[in-house]
Amino acid sequence: MDTKSIAKDVQAYPINLTAISSNPETSEQLKIATKVPAEDASSLYDFAALDGLRVVACLSVICFHSLLYWGTLLEIDEGEMLLNKVLALRLASFGNAGVDIFLVLTGLWATWQLVPAMEAACVPKGSAAKTGKNSAWSTVKEYYRKRVVRVLPAYATALALVAFGVNHNKDAPAALQRNHDTVFEYCLESLPLNFVLMNNLIGFGGCGVHFWSLSIQLQFYLAFPLLLLWAAPDTSGFRKRVTQGAVAAFVFTAGLRWGAAHAAGVKMPLPPYAHPDLGPAGTDVAVRYYHTLYFTAPSRIGNLATGVILGLFMLNSKATAVLRRRSASFAAGLLCTAILVAFSVLVLNAKVYGQMKEQRLWNHPQAFAALAYHGSPLFCLAAAAVVLTIGLHTGPLSTLFSAILCSKLFKHLAKVTYDVYLVHMIALYWFEAFKVHKFGSEGTFAAAVAVNPVGAYGAILVVTCLGGYVVGLMHNKMHHMILKSRLDFSRVLRNVIKSRKAR
């Protein structure tokens, strides 16, 4: 979701209200739709900075994925020792928290796009302002169209690169095969699930594990507008019902996570799923635990529900008016800071893979899974605190960060973030393939790790970022060319059909 499209929707919103306000039959609908003037809220929150925050979230996930590959080049005990010793590596091990921010922003943007537009479109039957396009369902159809155009061409192009640009046979040199198996190990078996947007169902066994979060987003894009229609946007109390539903979903997720952790039968400390001391049975338990609580759509409902709640909060006129006061904004900043400090102490201070031996609070895997793992309330609240702090400018530090996130560099990166996310691991594979075939089967990174493990991680990260950026730019151009040619073909086809009908 880019800032320009949000701004366009926000600008269109007051115009729609003006169109329906002249008819007395629309008084109730007008009352619903004008709970917050969109231009008032948009002037309070910094949407450009939130676009920049999406870039930071993407970079943090790339740091994590680079660490995954780096970990395959070390003995697991050595890797754990370095992760606990080197702060940069430790922070990178939590880089996948960027997914939590992704999903919170997804819920927020969808709420901002759909809720005001659906309210404004719902006018009584017989109103002069009602047209074929001016209805809640038309709003949903337009939303679907925009999401399809924005997401699917790039996704399909990335899947084509995975299918035809990566060697999935088992005859590659050891270094290249190790790189391949970090992300693409099960592509021969599970690639079809990617095409139906369901690869998150199998998690660790998916093709291109980093595609799973996109499946979650696309499932949300499909379901959320239908749930809003079910909440009856043409009647009073629409936002209240949506808020209640989002809160219920948030609470439901925590309970579901507690039950799932109990069913998995694990004990603390949680074992790394690839630890050599685990037998097959222990490995199966660990994999089932991490898969159920990390990859599945129900485990991520809390992230999306948090974004919806935050979006509705930002659309509330009373909240907007209160937050315009300096004291209220400062208090909001303190609250967000307190949440982030609590998150840092209870989650970031934990050992790798959730092995919290020192923290008595997490002796029970149910409590850890329900409260402190990815997608849990602590992660959701921390992600919401980051979003609100950056978007609201709650203090000098957040204002400084917001200014950086609004810079030309971040605005440029925001345009290609989606593409970079899709192809960054493909770029890393291509680099390793080139080096292996050019200089030998050992591979560049395996040799570097033997000399300087921490420096080798830095090299992997640089290659992944730069390679992902370059390939992402080419990928962006490629799928835009495909989309443009398709649109041109559709235009020509429509003209031909019209000319034949005219005859």
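Using the working numbering, the first residue of the sequence shown is number -18, and each one after it goes up by one.
Cβ atoms here follow ideal geometry from the backbone N, Cα and C, with glycine treated the same way.
Keep in mind that this is a model prediction, so the values were computed, not measured.
- Pairing Ile197 with Leu285, the inter-Cα distance amounts to about 10 Å.
- Contact between Ala427 and Leu54 holds: their C-beta atoms lie close to 5 Å from each other, under 8 Å.
- Per the coordinates, the alpha-carbon of Met179 lies some 32 Å from the alpha-carbon of Leu296.
- Rounded to the nearest angstrom, the Cβ distance from Asp265 to Cys103 is 50 Å, too far for a contact under 8 Å.
- When the Cα atoms are used, Ser388 and Asp32 turn out to be separated by approximately 11 Å.
- When C-beta atoms of the region 43 to 60 are compared with those of the region 68 to 88, three or more pairs fall below 8 Å, so the two segments count as touching.
- By the C-beta density criterion, Gln94 is buried, having at least 16 other C-beta atoms within 10 angstroms.
- With 16 or more other CB atoms across the displayed protein chains lying within 10 angstroms of its CB, Pro97 is buried.
- Less than 8 Å divides the Cβ of Leu293 from the Cβ of Val223.
- Per DSSP, Ala153 is not a residue of any alpha helix (DSSP H), being assigned neither H nor E.
- In the three-state reduction of the DSSP assignment, Cys387 falls in the coil class, being assigned neither a helical nor a strand state.
- In the DSSP assignment, Ala78 falls within the alpha helix (DSSP H) that extends over 78 to 102.
- When C-beta atoms of the region 371 to 386 are compared with those of the region 163 to 180, fewer than three pairs fall below 8 Å, so the two segments do not count as touching.
- Of the candidates Phe83, Leu208, Val121, Phe83 places its Cα closest to the Cα of Trp193.
- Within the same chain, Cβ atoms closer than 6 Å to the Cβ of Ala414 are found at Leu157, the five residues on either side in sequence being excluded.
- Just so you know, the alpha carbons of Arg159 and His418 end up roughly 15 Å apart.
- Assigned with DSSP and collapsed to three states, Glu59 falls in helix.
- Take Thr87, set aside five residues on each side of it, and the residues of its chain with a beta-carbon closer than 7 Å to its own are Gln198, Phe201, Leu285, Gly288, in chain order.
- A straight-line Cα-Cα distance of about 13 Å links Val147 and Thr138.
- Taking the Cα of Val401 as reference, the smallest distance to any Cα among Asn150, Thr234, Val452 is reached at Val452.
- Spatial neighbours of Leu304 in its own chain (CB-CB distance under 7 Å, excluding positions within 5 residues in sequence) are listed in chain order as Leu25, Ser310, Ala313, Leu373.
- Taking every protein chain shown into account, the CB of Tyr125 has fewer than 16 other CB atoms within 10 angstroms, so this residue is exposed.
- Residue environment analysis places Met462 among the exposed positions, since fewer than 16 neighbouring C-beta atoms fall within 10 angstroms of its C-beta.
- At the C-beta level, Ser357 and Arg238 come within 8 Å of one another.
- Following the DSSP letters along the chain, one finds Asn181 in no alpha helix (DSSP H), marked with neither H nor E.
- Rounded to whole angstroms, the gap between the alpha carbons of Val36 and Phe276 is 22 Å.
- Around the beta-carbon of Asn457, 16 or more other beta-carbon atoms lie within 10 Å, marking it buried.
- Pro214 carries a coil assignment under DSSP once its states are collapsed to helix, strand and coil.
- When DSSP states are grouped into helix, strand and coil, Cys44 belongs to the helix group.
- C-alpha of Leu72 to C-alpha of Ala366: approximately 19 Å in a straight line.
- Between Arg128 and the set Leu203, Met99, Pro173, Phe75, the nearest pair of CA atoms involves Leu203.
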